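**Student:** Each residue of the sequence shown is one higher than the one before, counting from 46 in the numbering used here.
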Amino acid sequence: RFINDIDIAENRKVCIIGERVYEVLFQTGEDAIGKLVKVNGIYFQVIGVARRMANASIGGSTDESVILPFSTMQKAFNQG
Numbered sequence: 046r047f048i049n050d051i052d053i054a055e056n057r058k059v060c061i062i063g064e065r066v067y068e069v070l071f072q073t074g075e076d077a078i079g080k081l082v083k084v085n086g087i088y089f090q091v092i093g094v095a096r097r098m099a100n101a102s103i104g105g106s107t108d109e110s111v112i113l114p115f116s117t118m119q120k121a122f123n124q125g
């Protein structure tokens, strides 16, 4: 699944990881959904793995990305 309105409203510590991030952190075929990953000392629950899509975002590929709800990122990393 992707990040939804409830994740944003409740500042849930959930994330979507890129395919390359998955390959580094998990064994091939391992289900990452529900597992925890640590980002800058904070644990987030994986709710999805983004398929390989070159240039899918402004910054380029999502393969090496960890996508968080914006509201959670602001609160967790004191950015707002």
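We put the CB at the ideal spot given by N, CA and C, even for glycine.
Keep in mind it's a predicted model, so treat the numbers as computed, not measured.
Sort out for me which residues DSSP pairs TYR88 with in a bridge.
**Tutor:** Within the sequence shown, numbered from 1, the residue matching residue 88 stands at position 43. According to DSSP, TYR88 bridges with LYS83.
**Student:** Can you confirm whether the segment 109 to 123 touches the segment 52 to 69 when touching is taken to mean that 3 or more C-beta pairs between the two stretches lie within less than 8 Å?
**Tutor:** yes
**Student:** Does the beta-carbon distance from VAL66 to ILE78 come in below 9 Å?
**Tutor:** Numbered from 1 along the sequence shown, position 21 holds the residue referred to as residue 66. Numbered from 1 along the sequence shown, position 33 holds the residue referred to as residue 78. Going by C-beta atoms, VAL66 is not nearer than 9 Å to ILE78.
**Student:** Using the rule of at least 16 other Cβ atoms within 10 Å of the residue's Cβ for burial, across every protein chain shown, is THR73 buried or exposed?
**Tutor:** For the purposes of this step, residue 73 is identified with residue 28 of the sequence shown, where counting begins at 1. Exposed, by the Cβ-count rule.
**Student:** Would you kindly check if the distance between the Cβ of PHE122 and the Cβ of ILE92 is under 9 Å?
**Tutor:** For the purposes of this step, residue 92 is identified with residue 47 of the sequence shown, where counting begins at 1. For the purposes of this step, residue 122 is identified with residue 77 of the sequence shown, where counting begins at 1. Going by C-beta atoms, ILE92 is not nearer than 9 Å to PHE122.
**Student:** Alpha carbon to alpha carbon, how far is GLN119 from ILE62? Give it in angstroms, no decimals.
**Tutor:** The residue given as residue 62 occupies position 17 in the sequence shown. The residue given as residue 119 occupies position 74 in the sequence shown. Each residue's Cα considered, the two are about 18 Å apart.
**Student:** According to DSSP, is ALA54 part of a helix, a strand, or is it coil?
**Tutor:** Start at 1 with the first residue of the sequence shown, and residue 54 comes out as number 9. Three-state DSSP puts ALA54 in a helix.
**Student:** Taking the DSSP output, what are the residues bridged to ILE48?
**Tutor:** Looking up residue 48 in the sequence shown gives position 3. DSSP lists no partner for ILE48.
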